[in-house]
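Enquirer:
Protein chains: 2
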Amino acid sequence: MPNPCRRTEEMTTERNLDMPDPQRNDFPLLADFTAALTSVAFGKWQERVDDYAHRAELAGECRRLADLAFRDRDAAAREHLHDILTVVYAYEFSQSAARNPDQDPQPILRDVTSVLENAVLDNEFRQVPEELLTGYPTGEKDYVRWLKALIQDHPASTHPMYAEHLTNAATVEDIRFLLAQETSLDPRFDDILAVMQFGATGAEKMEIAANYWDEMGNGEFADVHTTLFSQCLTSIGVDRGYIESNLLLAAKECGNISAGLALSRRHYLRAIGYYGVTEFLAPRRFRQLVTAWDRLGLPPEGKVYHDIHINVDAHHAAGWYKNVIGPVVERDPAAGREIALGTFVRLNTSAYYLDRVLEVCLKQPLPA
Amino acid sequence: MPNPCRRTEEMTTERNLDMPDPQRNDFPLLADFTAALTSVAFGKWQERVDDYAHRAELAGECRRLADLAFRDRDAAAREHLHDILTVVYAYEFSQSAARNPDQDPQPILRDVTSVLENAVLDNEFRQVPEELLTGYPTGEKDYVRWLKALIQDHPASTHPMYAEHLTNAATVEDIRFLLAQETSLDPRFDDILAVMQFGATGAEKMEIAANYWDEMGNGEFADVHTTLFSQCLTSIGVDRGYIESNLLLAAKECGNISAGLALSRRHYLRAIGYYGVTEFLAPRRFRQLVTAWDRLGLPPEGKVYHDIHINVDAHHAAGWYKNVIGPVVERDPAAGREIALGTFVRLNTSAYYLDRVLEVCLKQPLPA
Numbered sequence: 010m011p012n013p014c015r016r017t018e019e020m021t022t023e024r025n026l027d028m029p030d031p032q033r034n035d036f037p038l039l040a041d042f043t044a045a046l047t048s049v050a051f052g053k054w055q056e057r058v059d060d061y062a063h064r065a066e067l068a069g070e071c072r073r074l075a076d077l078a079f080r081d082r083d084a085a086a087r088e089h090l091h092d093i094l095t096v097v098y099a100y101e102f103s104q105s106a107a108r109n110p111d112q113d114p115q116p117i118l119r120d121v122t123s124v125l126e127n128a129v130l131d132n133e134f135r136q137v138p139e140e141l142l143t144g145y146p147t148g149e150k151d152y153v154r155w156l157k158a159l160i161q162d163h164p165a166s167t168h169p170m171y172a173e174h175l176t177n178a179a180t181v182e183d184i185r186f187l188l189a190q191e192t193s194l195d196p197r198f199d200d201i202l203a204v205m206q207f208g209a210t211g212a213e214k215m216e217i218a219a220n221y222w223d224e225m226g227n228g229e230f231a232d233v234h235t236t237l238f239s240q241c242l243t244s245i246g247v248d249r250g251y252i253e254s255n256l257l258l259a260a261k262e263c264g265n266i267s268a269g270l271a272l273s274r275r276h277y278l279r280a281i282g283y284y285g286v287t288e289f290l291a292p293r294r295f296r297q298l299v300t301a302w303d304r305l306g307l308p309p310e311g312k313v314y315h316d317i318h319i320n321v322d323a324h325h326a327a328g329w330y331k332n333v334i335g336p337v338v339e340r341d342p343a344a345g346r347e348i349a350l351g352t353f354v355r356l357n358t359s360a361y362y363l364d365r366v367l368e369v370c371l372k373q374p375l376p377a
Numbered sequence: 010m011p012n013p014c015r016r017t018e019e020m021t022t023e024r025n026l027d028m029p030d031p032q033r034n035d036f037p038l039l040a041d042f043t044a045a046l047t048s049v050a051f052g053k054w055q056e057r058v059d060d061y062a063h064r065a066e067l068a069g070e071c072r073r074l075a076d077l078a079f080r081d082r083d084a085a086a087r088e089h090l091h092d093i094l095t096v097v098y099a100y101e102f103s104q105s106a107a108r109n110p111d112q113d114p115q116p117i118l119r120d121v122t123s124v125l126e127n128a129v130l131d132n133e134f135r136q137v138p139e140e141l142l143t144g145y146p147t148g149e150k151d152y153v154r155w156l157k158a159l160i161q162d163h164p165a166s167t168h169p170m171y172a173e174h175l176t177n178a179a180t181v182e183d184i185r186f187l188l189a190q191e192t193s194l195d196p197r198f199d200d201i202l203a204v205m206q207f208g209a210t211g212a213e214k215m216e217i218a219a220n221y222w223d224e225m226g227n228g229e230f231a232d233v234h235t236t237l238f239s240q241c242l243t244s245i246g247v248d249r250g251y252i253e254s255n256l257l258l259a260a261k262e263c264g265n266i267s268a269g270l271a272l273s274r275r276h277y278l279r280a281i282g283y284y285g286v287t288e289f290l291a292p293r294r295f296r297q298l299v300t301a302w303d304r305l306g307l308p309p310e311g312k313v314y315h316d317i318h319i320n321v322d323a324h325h326a327a328g329w330y331k332n333v334i335g336p337v338v339e340r341d342p343a344a345g346r347e348i349a350l351g352t353f354v355r356l357n358t359s360a361y362y363l364d365r366v367l368e369v370c371l372k373q374p375l376p377a
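Residue numbers (this note's numbering), protein chains in the order written: chain G, 10 to 377; chain P, 10 to 377.
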């Protein structure tokens with residue numbers, strides 16, 4: 010039986026970021042697509058939308074790239090694929106579309122995203138053995154107890170990057186490097202909650218809404234979490250240039266999986282499992298980060314974001330399992346499988362990502 | 010010069026709801042699409058997504074229907090088109106997608122929505138004369154003053170349905186009929202705000218977020234506005250069956266335009282103009298409704314929703330113009346055109362809709 014707690018795939022190596030990537034010329038329609046999506050004034054979306062032959066060819070390119078990345082385990086293809094998804098999600102999580110209100114790229118954007126995002130998510134789903142997703146207890150309380158035990162037992166929950174390296178040895182540069190990676194999720198957490206509560210009802214909706222409102226600083230701009238996170242980055246000199254030259258493929262993967270599970274709302278049950286883990290593990294991880302921050306004498310205004318989440322997220326995690334996950338499973342026992350699947354995807358990708366971050370900090374590969 | 014304050018198109022008549030609609034057989038692929046979207050277990054989305062010949066043909070049906078509805082002004086086609094969009098938006102504003110998490114209808118859903126929604130919105134946009142959208146003052150305060158004057162001067166803002174009929178003459182049945190029509194927007198107002206704040210920043214985001222949190226009863230379930238609206242409907246016996254047999258095409262149009270402007274985020278600037286009007290006019294309209302409610306001695310628990318909005322929305326409207334519309338125009342004067350366009354779309358469709366509701370209440374056509 011494969012190790013139940015880790016991604017089971019043979020890992021592709023991280024691509025050296027300075028290495029040129031000749032492959033990108035092999036995907037000309039995708040290159041046109043991302044160029045058009047990031048252009049302020051591209052005016053030919055309707056022509057492209059109406060050209061179904063072009064669209065079939067573009068979808069073919071997407072499938073070819075996905076096959077290279079996940080069937081052939083080609084690291085450069087995988088990075089290329091994630092770079093395209095990063096452009097798509099940056100567009101979706103911004104107001105870029107409003108710059109050009111009479112142009113509708115959505116039909117083509119959905120074609121591309123559907124193939125690439127499904128390939129990324131299927132690659133994660135298939136690494137979770139089905140036997141881990143069945144035979145769970147179905148009562149509300151028993152299910153939540155079972156799920157929390159899974160999280161506690163997973164390597165991600167006491168990962169040495171936080172539990173050992175940050176607490177005892179991390180340098181200022183290690184912290185800068187880690188926080189640059191974290192930009193792939195934290196700055197859009199409010200919008201992720203806003204989209205997750207879409208169409209929810211009752212106590213479930215109230216819980217997600219209350220989480221959202223906390224992210225919004227309960228209405229106080231100075232306390233908005235994205236503001237505090239920016240303040241944290243600024244306090245240790247992590248700017249856009251630093252992030253761009255240091256972002257690991259593993260961080261892009263986490264960012265893209267987070268975005269895809271939230272935005273494609275059919276994954277709602279998986280998303281509540283996935284984001285339950287982020288809320289559940291944040292307090293201990295952030296406490297370890299604050300310990301390192303204090304040990305290194307870093308600027309106090311920079312740790313407010315993490316300090317706040319130590320308490321707030323403990324409260325959020327408790328509410329999330331009690332008011333969202335518990336009642337959903339009570340209402341529909343079959344949902345337990347999807348919630349557990351999302352839970353494992355977060356645990357596995359988080360552990361893999363922290364392995365990669367730790368390797369950079371230690372300047373050597375981890376033992377296999 | 011066309012009357013600047015009303016839709017300028019020659020109106021199609023409302024179709025008699027009991028009349029059979031032979032045309033619907035002319036759009037078999039669209040019928041398949043809505044059947045699949047509303048099925049719990051349709052399992053062939055991927056086949057359809059990959060079949061670009063099928064998709065081109067489906068898009069052709071959409072264009073044919075849109076041409077019938079808006080070029081040929083065919084009332085039955087227009088109702089058919091809006092019925093399809095109603096199904097699409099009901100799917101998008103619910104958690105229906107999560108029932109079938111491994112099926113991805115989005116690429117096809119976008120194809121269909123893009124053609125139909127663009128046809129509906131273009132039909133509204135083209136009825137607003139360009140001269141009304143230019144020459145506006147560009148300073149923040151002057152622009153807002155100009156925009157509010159436009160609203161005050163429009164027939165929608167003192168429409169006789171509210172200002173005369175409700176205040177003086179409306180029967181209980183008239184109120185039931187009106188509130189049934191209002192279900193096309195009010196029950197999803199929280200989610201509309203959640204999607205509008207997506208990707209916004211600063212004071213603009215805070216204002217929309219605070220509106221959202223008010224809709225959510227500031228975290229108290231009993232005060233959630235959708236709960237209060239349901240309570241209002243229940244108190245006078247407006248149930249799903251009543252709504253389905255009484256919903257006017259004009260109400261479906263308002264619901265679909267509201268949904269499309271919010272969900273297609275490229276229309277953000279138009280949407281903030283559009284929803285500014287709903288916040289701005291709600292207090293006076295709701296006060297008139299409460300006057301009628303009291304005059305008729307209707308159950309007091311049923312008027313809580315409207316009573317609350319008389320004060321809350323006055324506050325919201327002030328904040329919306331001060332913190333959203335003002336700063337957006339200050340930052341980007343060209344945005345003033347799009348905001349005014351959205352403002353007129355709401356005013357025009359609202360006036361047209363209230364004309365139709367009033368005709369039903371008076372049991373006769375309004376004078377031309």
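All residues carry an ideal CB built from backbone N, CA and C; glycine is no exception.
1. How long is the line joining the alpha carbons of P/D131 and P/L270, rounded to whole angstroms?
2. Quick one: list the residues of chain G neighbouring P/G208, beta-carbon separation under 9 Å, in chain order.
3. At least one CB of chain G closer than 8 Å to the CB of P/S123: is that the case?
4. How would you write the range of the alpha helix (DSSP H) that G/H89 sits in, first residue to last?
5. At a CB distance below 7 Å, what residues from the region 326-348 of chain P approach chain G? Give them in sequence order.
6. So that I know if they touch, is there some Cβ in chain G lying closer than 8 Å to that of P/F230?
7. Looking at the structure shown, is P/A231 part of a helix, part of a strand, or coil, going by DSSP?
8. Comparing alpha-carbon positions, which option in G/A326, G/P309, G/L371 and G/H276 lies nearest G/P292?
9. Should P/W222 and G/W329 be called a contact, given that it needs their Cβ atoms to be closer than 8 Å?
10. Could you please give the first and the last residue of the uninterrupted alpha helix (DSSP H) stretch that includes P/M225?
11. For the region 306-322 of chain G against the region 356-365 of chain G, are there 3 or more C-beta pairs whose distance is under 8 Å?
12. For P/S166, which of helix, strand or coil comes out of DSSP?
13. Assign G/T287 to buried or exposed, taking buried as 16 or more other Cβ atoms, counted over all protein chains shown, within 10 Å of its Cβ.
14. Inspect the beta-carbon positions of G/T176 and G/T300 and report whether they are closer than 8 Å.
15. How should P/Q206 be labelled, buried or exposed, when 16 other C-beta atoms within 10 angstroms of its C-beta is the threshold for buried?
16. To the nearest whole angstrom, what separates the beta carbons of P/R72 and G/Q115, a pair I think is in contact under 8 Å?
17. Can the beta-carbon of P/A218 be found less than 8 Å from the beta-carbon of G/M225?
18. Quick check: is the beta carbon of G/D113 nearer than 8 Å to any beta carbon in chain P?
19. Classify G/C370: buried if its beta carbon has 16 or more other beta carbons within 10 angstroms, exposed otherwise.
20. If we count the other Cβ atoms within 10 Å of its Cβ and call it buried at 16 or more, is P/D81 buried or exposed?
21. So, is the C-beta of P/A65 closer than 8 Å to a C-beta in chain G?
22. Using 8 Å for Cβ pairs, my map puts G/R87 next to G/L258. What's the rounded Cβ distance?
23. Can you find the residues in the same chain that come closer than 7 Å, C-beta to C-beta, to P/P196, ignoring five residues on each side of it along the sequence?
24. Residues in its own chain within less than 8 Å of G/G228 by CB, not counting five upstream and five downstream?
25. Using the three-state DSSP reduction, which class does G/I245 fall into: helix, strand or coil?
26. With H, G and I counted as helix, E and B as strand and the rest as coil, what does DSSP make of P/T143?
27. What does P/V366 reach in chain G if we use C-beta pairs closer than 7 Å?
28. Report the CB separation of G/G351 from G/I281 in whole angstroms; it is logged as a contact under 8 Å.
29. What ranges does the alpha helix (DSSP H) occupy inside the region 299-365 of chain P, keeping only unbroken runs of at least 4 residues that lie completely in it?
30. Taking P/L278 as the query, report the chain G residues whose CB atoms sit under 7 Å from its CB, ordered along the chain.
31. Quick check on G/T210: buried or exposed, where buried means 16 or more other Cβ atoms within 10 Å of its Cβ?
32. Counting beta carbon pairs with one atom in the region 95-112 of chain P and one in the region 41-57 of chain P, are three or more of them shorter than 8 Å?
33. If we count the other Cβ atoms within 10 Å of its Cβ and call it buried at 16 or more, is P/D76 buried or exposed?
34. Would the region 120-128 of chain P and the region 90-109 of chain P be scored as touching if the rule is three or more Cβ pairs under 8 Å?
35. According to DSSP, simplified to helix, strand and coil, what is G/L194?
Expert: Looking at the coordinates:
1. 12 Å
2. E101, F102, S103, Q104, S105, A106, A107, R197 and D200
3. yes
4. A84 to E101
5. E347
6. Yes, P/F230 lies at the interface with chain G (some Cβ there is under 8 Å from its Cβ).
7. helix
8. Selected option, being the one with the closest Cα: G/A326.
9. It is not a contact, given that the beta carbons lie outside the stated cut-off.
10. No alpha helix (DSSP H) holds P/M225; DSSP gives it neither H nor E.
11. no
12. Correct three-state label for P/S166: helix.
13. Around the beta carbon of G/T287, 16 or more other beta carbons lie within 10 angstroms, which makes this residue buried.
14. yes
15. buried
16. Contact flag wrong, Cβ pair sits at about 17 Å.
17. yes
18. yes
19. buried
20. exposed
21. yes
22. 7 Å
23. T235 and F238
24. Around G/G228: W222.
25. coil
26. DSSP places P/T143 in coil when its eight states are reduced to three.
27. Correct list: empty, because the minimum Cβ distance to chain G is about 28 Å.
28. 7 Å
29. 313-328 and 335-340
30. A107 and P110
31. exposed
32. Touching, per the Cβ criterion.
33. exposed
34. yes
35. coil
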